[in-house]
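Enquirer:
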Amino acid sequence: MKRIAVLGSTGSIGTQTLDVVRSSPDLFTVTAIACGSRIELFEEQIREFLPEMAAVYDEAAAAVLAERVKDLPVRVLSGMDGLIEVCGASPSDIVVTAIVGMIGIRPTIAAIEAGKDIALANKETCVTAGHLIMPLAKEKGVNILPVDSEHSAIFQALMGRHGSKIAKILLTASGGPFRHASPEELRNVTVAQALAHPTWNMGAKITIDSATMVNKGLEVIEACRLFDVTPDQVQVVLQPQSIIHSAVQYEDGSVIAQLGPSDMRIPIQFALTWPDHLPSPAEPLDFTKLSGIEIGVPRNDVFRGLPLAYEAIRAGGLMTTVYNAANEWANAAFRQGRIGFLDIYEVIEDAMNTADVIPHPSVEEILDVQGAINRRCEVKYG
Ligand code: NDP
Ligand code: MG
């Protein structure tokens, strides 16, 4: 029985993780869960999975929940301390980091410090604090198992390498809903249009990031962190059907790719059952129904989220935090109707142009810079 803690159990990755658990009750048990504030669904999850600990970040919502579940033997926790306890002090073997944003940094570090494996979905933590968590995981003997479909694919393509060098990683991207749009059309994109992703059903923040291609930028940085490759070794290619989830090219020119349906339950489950592939709740890929697997090249002149990410990872140090933090602010501001779609790139570029690069930032420096970027953006664009 693998004991699982889910940080962000009410979201897209979180609910699909619970679906995986539901389909293999003999393999998995949920011992701790955490959410931000949506306690209705959270209460249902507590009643179904009976975790020992449940943390709600919002203090007032946590108090309401504690009252509602007082008939159950669950410890209700709150705030950042609650998230850290769910990750670090729960009786779990692996923590699924399904929270969105840099708020996941401290809980993820707590889980690694406590020797728990990480099923990593929360890419913002990897992008901003990867230089801290990867060596820490090595030191503590902790496995970082990627949940992001592309990184799960790369991880699988690397499993049979026997020490062979990677020539390049081929990181696939669907291209999002505006793959063919002109810059003029992009200027007037609405939030509803940007939220209609052609192949994946995901949380709001990552769906917008996919439309801007910032998600792919974050994933380039994530790949460099997870697989210890240089940015020059990561090539982004468009694969609009989201069937080829990514690939590795070796020095002899051969390419090993991982294919599957667009169903996140497969990479989530693989992170939980690694190194084994076990029966899953997902529909298997039917090769006889595949048609027109297209490959294309991203339009970097239009979707500037991607080239800016290469700039950030090449600059190194704090710059990936600047890229990510500015995007977190801009993504939320776009969803709130405060800025336009193309302004997202302006916000990121401006933050990067005015940032001081610290080579090896600490958690405190990372979070301080996030605070400073938020304040600056509020004044400048808010
Ligand atoms: P969602 O927005 O659907 O879910 C976010 C989860 O995090 C919710 O459970 C939410 O709780 C919780 N949360 C938000 N803020 C806090 C907080 N302050 N404290 C505690 N919990 C909080 O996001 P996704 O599931 O789409 O994405 C999660 C992560 O996985 C992101 O980093 C994303 O980039 C990555 N990812 C997602 C994929 C997908 O298919 N969705 C694919 C690949 C990667 P509440 O409901 O209470 O707000
Ligand atoms: Mg992805």
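Note that the sequence shown covers residues 1049 to 1430 in our numbering.
Quick reminder that beta carbons are idealized off the backbone N, C-alpha and C, glycines included.
Since this is a predicted model, take the numbers as computed values, not measurements.
Taking only three categories from DSSP, how would you classify Glu1123?
Expert: Here residue 1123 refers to the residue found at position 75 when the sequence shown is read from its first residue. First, the residue type needs correcting, since residue 1123 is Arg and not Glu in the sequence shown. Residue state, collapsed to three classes: strand.
Enquirer: Any heavy atom of the ligand MG closer than 6 Å to the beta-carbon of Ser1222?
Expert: In the sequence shown, residue 1222 corresponds to position 174, counting from 1. For the ligand MG, not one heavy atom lies less than 6 Å from the Cβ of Ser1222.
Enquirer: Looking at C-alpha atoms only, which residue of Tyr1358, Leu1168, Ala1162 and Glu1096 is the closest neighbour of Val1148?
Expert: Counting from one through the sequence shown, the residue named residue 1148 turns up at place 100. Of Tyr1358, Leu1168, Ala1162 and Glu1096, the residue nearest in Cα terms is Leu1168.
Enquirer: Please report the distance separating the alpha-carbon of Ala1162 from that of Val1143.
Expert: Counted from its first residue, the sequence shown places residue 1162 at position 114. Counted from its first residue, the sequence shown places residue 1143 at position 95. Straight-line Cα distance between these residues: approximately 11 Å.
Enquirer: Residues with a Cβ closer than 7 Å to any heavy atom of the ligand MG, in chain order?
Expert: This selection yields Asp1196, Ser1197, Glu1198, Asn1263 and Glu1267.
Enquirer: Taking one C-beta from the region 1250-1265 and one from the region 1356-1364 each time, how about it: are there three or more such pairs within less than 8 Å?
Expert: The region 1250-1265 is in contact with the region 1356-1364.
Enquirer: Would you mind working out which of Ser1072, Ile1061 and Ala1053 sits nearest Trp1248, comparing C-alpha positions?
Expert: Here residue 1248 is taken as the residue at index 200 of the sequence shown, counted from 1. Checking every option, the nearest Cα to that of Trp1248 belongs to Ile1061.
Enquirer: Per DSSP, what are the beta-bridge partners of Asp1165 in this structure?
Expert: For this step, residue 1165 is matched to residue 117 along the sequence shown. Ile1142, per the DSSP bridge assignment.
Enquirer: Can you list the alpha helix (DSSP H) stretches of 4 or more residues lying completely in the region 1248-1323, in chain order?
Expert: Listed in chain order, they are 1252-1260, 1262-1275 and 1313-1321.
Enquirer: Which residue from Lys1428, Ser1200 and Leu1120 puts its Cα closest to that of Ala1305?
Expert: Your numbering for residue 1305 matches position 257 in the sequence shown. Closest option to Ala1305, Cα to Cα, is Ser1200.
Enquirer: Do you know offhand how far Ile1387's Cα is from Lys1213's?
Expert: For the purposes of this step, residue 1387 is taken as residue 339 along the sequence shown, with counting starting at 1. For the purposes of this step, residue 1213 is taken as residue 165 along the sequence shown, with counting starting at 1. Rounded to the nearest angstrom, the two C-alpha atoms are 44 Å apart.
Enquirer: Tell me which residue opens and which closes the beta strand (DSSP E) that Leu1055 is part of.
Expert: Along the sequence shown, one-based indexing puts residue 1055 at 7. Run containing Leu1055: Lys1050 to Leu1055, per the beta strand (DSSP E) assignment.
Enquirer: Does DSSP put Ala1221 in a helix, a strand or coil?
Expert: Within the sequence shown, numbered from 1, the residue matching residue 1221 stands at position 173. Strand at Ala1221.
Enquirer: Out of Asp1404, Ala1399, Ser1290 and Ala1378, which one is the CA nearest neighbour of Ile1392?
Expert: Locating residue 1392 in the sequence shown gives position 344, where the first residue counts as 1. Measuring from the Cα of Ile1392, the nearest candidate turns out to be Ala1378.
Enquirer: Measure from the alpha carbon of His1325 to the alpha carbon of each residue in Met1207, Gln1283, Ala1103 and Lys1428, then state which is nearest.
Expert: Position 277 of the sequence shown, counted from the first residue, corresponds to residue 1325. Cα-wise, what sits closest to His1325 is Met1207.
Enquirer: On the DSSP bridge list, what partners appear for Ala1077?
Expert: Working through the sequence shown from its first residue, we reach residue 1077 at position 29. Rather than Ala, the amino acid found at residue 1077 in this sequence is Thr. Beta-bridge pairing links Thr1077 to Arg1051.
Enquirer: The alpha helix (DSSP H) with Met1400 in it runs from where to where?
Expert: Here the question's residue 1400 lines up with position 352 in the sequence shown. Asp1391 to Asn1401 is the extent of the alpha helix (DSSP H) around Met1400.
Enquirer: Comparing the CB of Met1150 with every heavy atom of the ligand NDP, is any distance shorter than 6 Å?
Expert: In the sequence shown, residue 1150 corresponds to position 102, counting from 1. Outside the cutoff, so no.
Enquirer: Let me know if Ser1339 comes out buried or exposed under the rule of 16 or more other beta-carbons within 10 Å of its beta-carbon.
Expert: Position 291 of the sequence shown, counted from the start, is the residue given in the question as residue 1339. Under this definition Ser1339 is an exposed residue.
Enquirer: In terms of DSSP beta bridges, what is Cys1425 paired with?
Expert: Reading the sequence shown from its first residue, position 377 is the one you call residue 1425. In DSSP, Cys1425 forms no bridge with anything.
Enquirer: Going along the chain, which residues of its own chain have a beta-carbon closer than 8 Å to the beta-carbon of Arg1095, five neighbours each way excluded?
Expert: As a first step, residue 1095 must be located in the sequence shown, where it is residue number 47. If we look at Arg1095 and ignore the five residues flanking it on each side, its Cβ neighbours are Val1117 and Leu1120.
Enquirer: Specify the secondary structure class of Pro1099 as computed by DSSP and reduced to three states.
Expert: Working through the sequence shown from its first residue, we reach residue 1099 at position 51. The answer is coil: DSSP assigns Pro1099 none of H, G, I, E or B.
Enquirer: Relative to the ligand NDP, is the shortest distance from any of its heavy atoms to the C-beta of Asn1170 smaller than 6 Å?
Expert: Stepping through the sequence shown from its first residue, residue 1170 is reached at position 122. Yes; taking the cut-off as 6 Å, the Cβ of Asn1170 has a heavy atom of the ligand NDP nearer than that.
Enquirer: Should Val1134 and Leu1219 be called a contact, given that it needs their Cβ atoms to be closer than 7 Å?
Expert: One-based indexing of the sequence shown puts residue 1134 at position 86. One-based indexing of the sequence shown puts residue 1219 at position 171. It is not a contact, given that the beta carbons lie outside the stated cut-off.
Enquirer: What's the call for Pro1183, buried or exposed, on a 16-neighbour Cβ count within 10 Å?
Expert: Working through the sequence shown from its first residue, we reach residue 1183 at position 135. Burial call: exposed.
Enquirer: On the three-pair Cβ rule with 8 Å, is the region 1285-1298 touching the region 1408-1416?
Expert: The region 1285-1298, when compared against the region 1408-1416, does not touch it at the 8 Å Cβ threshold.
Enquirer: Looking only at C-alpha atoms, which of Met1400, Phe1203 and Ala1137 sits nearest to Pro1315?
Expert: Stepping through the sequence shown from its first residue, residue 1315 is reached at position 267. The option with the nearest alpha carbon to Pro1315 is Phe1203.
Enquirer: Tell me the DSSP bridge mates of Ile1192?
Expert: In the sequence shown, the residue the question calls residue 1192 occupies position 144. Looking at the DSSP assignment, Ile1192 forms a beta bridge with Ile1166.
Enquirer: For the alpha helix (DSSP H) that Pro1355 lies in, which residues bound it at each end?
Expert: Here residue 1355 refers to the residue found at position 307 when the sequence shown is read from its first residue. Counting along the chain, the alpha helix (DSSP H) containing Pro1355 begins and ends at Gly1353 to Ala1363.
Enquirer: Examine the ligand NDP and report whether any of its heavy atoms sits within less than 6 Å of the Cβ of Met1250.
Expert: Here residue 1250 corresponds to residue number 202 of the sequence shown, with the count starting at 1. Answer for Met1250: yes, Cβ within range of the ligand NDP.
Enquirer: Beta carbon of Ser1290: closer than 6 Å to some heavy atom of the ligand NDP?
Expert: Numbered from 1 along the sequence shown, position 242 holds the residue referred to as residue 1290. Checking every heavy atom of the ligand NDP against the Cβ of Ser1290, none is found closer than 6 Å.
Enquirer: Between Met1261 and the ligand NDP, is the CB less than 6 Å from at least one heavy atom?
Expert: One-based indexing of the sequence shown puts residue 1261 at position 213. No, since every heavy atom of the ligand NDP falls outside the 6 Å radius drawn around the Cβ of Met1261.
Enquirer: Could you name the residues that DSSP lists as bridge partners for Lys1216?
Expert: For the purposes of this step, residue 1216 is identified with residue 168 of the sequence shown, where counting begins at 1. Partner(s): Gln1297.
Enquirer: May I ask whether a heavy atom of the ligand NDP can be found less than 6 Å away from the beta carbon of Met1049?
Expert: The count along the sequence shown starts at 1 and reaches residue 1049 at position 1. Because no heavy atom of the ligand NDP lies under 6 Å away, the Cβ of Met1049 does not count as near it: no.
Enquirer: Val1435 and Val1282: beta carbons closer than 7 Å?
Expert: Residue 1435 cannot be examined here, being either before or after the span of the chain that is shown, 1049 to 1430.
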